[in-house]
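Numbering (the numbering used here), first residue to last: 5 to 290. Structure, as structure tokens:
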């Protein structure tokens, strides 16, 4: 990839709103050989089954914490019939494959200098590939990573809501996520006016902030998207602070929610990590 995934200046454009606001960027990965259906079918055949999830796409936006039910089809069966099976699939942690790890690193290279100035090094770099049947829905959810979604094939409409809005996602929902990883969210029709819809075509990319709720409606064609993600010291501390709040709430307290960037939630983060370390030491001593 001689030219890079993004044009010069893309990092600076991201930095204008990073890390708290979504922004549309442009990319150069349309037609990349690793992101065609043939290459992805081969990837599906060699990935661990637990790292490829195949879900029904005929669902409502707000299915709740459980998310969309799985189809019961194998990844190979799903991608072979993706034009008609009414499903969407996600290939998780594709950086486990050498070629896709190289693609991830090359893609993040243009963004890393601008990101580093604001939230420090890119930590826990991961990549996900989404392949969706025409007309499918990915329900409302949030994710703990900084995320740039690159649209490779087809069209989709992603609606993104403000991160950190307690009216959309109350503290206990964050705390439950950090306990068990369930990231599906409940829907309320009153949310409609708070979201911002982005229509993504091949060549478009969308930065989605940490914990910004969002849902996706796929267009009338097969869609392929690449999601490149990273964590920051700030995002990790936000998660630890929510975990500390879970403990406090369990003790009958009503903790304040973690603050958004640039506040760093250091006190609660350190407290939770100290408690976890004490627990580990206690278990080892038994």
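Even for Gly, the Cβ is constructed at its ideal location relative to N, Cα and C.
Check	Outcome
Nearest neighbour of residue 88, chosen from 200, 226, 219 [CA to CA]	226
Residue 150 versus residue 47 - alpha carbon distance	25 Å
Under 8 Å between C-beta atoms of residue 173 and residue 217	yes
For residue 117, the three-state DSSP class (helix, strand or coil)	helix
Same chain, Cβ closer than 6 Å to residue 273, five either side skipped, listed in chain order	241, 244, 245
Buried or exposed by the 16-neighbour rule on C-beta atoms within 10 Å, applied to residue 288	exposed
Under 8 Å between C-beta atoms of residue 115 and residue 14	yes
Contact set for residue 62: own chain, Cβ-Cβ below 6 Å, skip 5 residues either direction	90
Beta-carbon proximity check, residue 188 vs residue 67, cutoff 8 Å	yes
Cβ distance (whole Å) where residue 232 is taken to contact residue 112 below 8 Å	6 Å
Cβ neighbour criterion (16 or more within 10 Å) applied to residue 102	exposed
Candidates 201, 146, 191, of which the one nearest residue 180 by Cα	146
Whether residue 31 touches residue 158 by CB criterion (8 Å)	no
Distance, residue 154 Cα to residue 230 Cα	5 Å
Neighbourhood of residue 25 by C-beta, 7 Å cutoff - its chain only, sequence neighbours within 5 removed	213
Exposure of residue 106, with buried meaning 16 or more beta-carbon neighbours within 10 Å	exposed
Presumed contact (8 Å Cβ cut-off) between residue 250 and residue 183, rounded CB distance	6 Å
Nonlocal neighbours in the same chain, by C-beta distance under 6 Å from residue 221, ignoring five residues either side	141, 161
Inter-residue Cα distance where the pair is residue 18 and residue 202	16 Å
Residue 232 - partner residues in DSSP beta bridges	131, 152
Bridge partner(s) assigned by DSSP for residue 188	145
Rounded C-alpha distance that separates residue 75 from residue 35	28 Å
Cross-strand partners of residue 201 (DSSP beta bridge)	163
Residue 257 classed as buried or exposed, judged by whether at least 16 other C-beta atoms fall within 10 angstroms	exposed
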